[in-house]
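Residue numbering for the sequence shown follows our numbering, beginning at 38 and increasing consecutively. Below is one structure; the comments refer to it alone.
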Amino acid sequence: MIRPGTPNDAPTLTALARAAKASWGYPDAWLRAWEPELTITAEYIQRHTVFVAESEGCVVGMISIEDGVDGPEIGHLWVDPASQRAGWGRRLLDTAIRHATSNHWTALRILSDPNAVPFYTRFGAVHVADVPAPVAGVDRSLPLLRLSIGG
Ligand SMILES: CC(C)(COP(=O)(O)OP(=O)(O)OC[C@H]1O[C@@H](n2cnc3c(N)ncnc32)[C@H](O)[C@@H]1OP(=O)(O)O)[C@@H](O)C(=O)NCCC(=O)NCCS
């Protein structure tokens, strides 16, 4: 099932975010450098739209939508490594798309992990730019995607 996030979910969602990010095999130094952005606080959950996926009482995924200056954007999308490729990412993104539709938004922005691009393109997201995102002294960029809502 998918339910709204609550402030009490913060520690569980932080652990989920870190485990999901690590599933791509990034170096430990990069994962340590990303810890601040992989921390989901109670305040974050109160400020933004957060949906949590649960299976048999366990949290297996989450998605958040932030009110960005350039429009609404996916802030976090994480599926627990043991539950990936079982349709949870699709269910969570579908939930975000329904939320966007009900708010009459025309698009969602996604600053994507490069490894997740094939997942988003399955839903029609298109690559619109590359955004510099150096980590631990290494030059790196992230693909910025745009997912049109309602065609
Ligand atoms: C990306 C992520 C959210 C996908 O979630 P998931 O639950 O594994 O994906 P689903 O099982 O719902 O897959 C939905 C579709 O996308 C495809 N897909 C999922 N991951 C894919 C990948 N890495 N490469 C290519 N296709 C992928 C599936 O095959 C499926 O296609 P189908 O409709 O033809 O069956 C998940 O792998 C994850 O959390 N990754 C690590 C963290 C991350 O990078 N998050 C995104 C940050 S921007």
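Cβ atoms here follow ideal geometry from the backbone N, Cα and C, with glycine treated the same way.
(request) Evaluate Gly124 with the Cβ neighbour count: other Cβ atoms within 10 Å of its Cβ, from every protein chain shown; 16 or more gives buried, anything less gives exposed. (result) exposed
(request) For Gln83, verify whether its CB is less than 7 Å away from any heavy atom of ligand 1. (result) At a cut-off of 7 Å, the beta-carbon of Gln83 does not count as near ligand 1: no heavy atom of the ligand is closer than that.
(message) Give the list of continuous beta strand (DSSP E) stretches no shorter than 3 residues that lie fully inside the region 155 to 181.
(response) 163 to 169
(message) ligand 1 and Phe156: does any heavy atom of the ligand fall closer than 7 Å to the residue's C-beta?
(response) yes
(request) Output the distance between the C-alpha atoms of Ala59 and Leu68, rounded to the nearest integer angstrom. (result) 7 Å
(request) Could you spell out where the alpha helix (DSSP H) holding Ala137 opens and where it closes? (result) Trp125 to Ser139
(request) Answer yes or no: the CB of Asp131 versus the heavy atoms of ligand 1, is any distance below 7 Å? (result) no
(message) Given the structure, does Leu114 come close to ligand 1, in the sense that its CB is under 7 Å from one of the ligand's heavy atoms?
(response) yes
(request) Could you please give the first and the last residue of the uninterrupted beta strand (DSSP E) stretch that includes Ala90? (result) Thr86 to Ser92
(message) Could you pull the DSSP bridge partners for Trp21 from this structure?
(response) There is simply no residue 21 to check, as the chain begins at 38 and stops at 188 in what is shown.
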